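Undergrad: The following block contains the structure, expressed as structure tokens.
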Amino acid sequence: MTRQRRIILDALESVRTHPTAEDIYRMVRPRLQRLSLATVYRNLEVLCEQGLARKIETAGTTRRYDGDASEHYHVRCLGCGAIGDVRKAPVSVSRTGLARATDFQIVGHRLEFLGYCPSCKGRRRRGARDAPARRRSGGGDV
Ligand SMILES: [Zn+2]
Ligand SMILES: [Zn+2]
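If you number the sequence shown the way the working numbering does, the last residue is 144 and the count never jumps.
What follows is the structure, given as structure tokens:
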């Protein structure tokens with residue numbers, strides 16, 4: 003592993019915010035002055051291929067990265083886009099059930115929970131009387 007990639011991985015592992023490539027770029031800039039954003043992207047891709055980091059892909063939003071490559075799910079705030087970790091999801095997915103419901107051979111799944119983070123939850127509660135709740139559908143594929 004190159005020194006550059008090590009620093010990028012350290013930065014990614016030091017936060018629980020699931021940062022974007024630009025966030026990481028800003029974090030490592032002081033230490034790697036000649037680094038370009040494209041290089042950050044490339045290094046992140048390699049780290050994901052090596053299984054040291056994970057990509058969080060959500061339709062319509064900037065790709066985020068996770069320094070915690072262990073098995074876990076995510077919850078995304080519909081207000082501010084914050085992403086939190088869900089260690090254990092109270093959901094079980096039956097591959098045989100899914101295989102019966104589709105012609106596809108199922109090799110994995112992606113699951114994302116949607117909601118409001120603590121600060122957006124409070125803001126919504128305060129604003130609930132004036133503003134009608136905004137509803138958005140969407141999110142994870144099975
Ligand atoms: Zn929020
Ligand atoms: Zn995570």
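We put the CB at the ideal spot given by N, CA and C, even for glycine.
None of these values were measured; they are calculated from a predicted model.
Taking 7 Å as the cut-off, is the beta-carbon of D12 closer than that to any non-hydrogen atom of ligand 2?
TA: no
Undergrad: Alpha carbon to alpha carbon, how far is A84 from C119?
TA: 7 Å
Undergrad: Would DSSP call G129 helix, strand or coil?
TA: It is helical.
Undergrad: For I9, which of P21, T22 and M29 has the nearest alpha-carbon?
TA: M29
Undergrad: Going by CA-CA distance only, name the one from D87, D68, V17 and G69 that's closest to H76.
TA: D87
Undergrad: If you reduce the DSSP assignment to three classes, tell me which class L14 lands in.
TA: Reduced to three states, the DSSP call for L14 is helix.
Undergrad: When you get a sec, list the residues whose CB is within less than 6 Å of any heavy atom of ligand 2, chain order please.
TA: H20, D68, D70, H74, H76 and D87
Undergrad: Is any non-hydrogen atom of ligand 1 found closer than 7 Å to the C-beta of G81, if you look at the structure I gave you?
TA: yes
Undergrad: Just the C-alpha distance for Q52 and E73, rounded to the nearest angstrom, thanks.
TA: About 15 Å.
Undergrad: For T41, collect the residues of the same chain with a Cβ closer than 8 Å to its Cβ; drop the 5 residues on either side in sequence, then sort them by chain order.
TA: Q6
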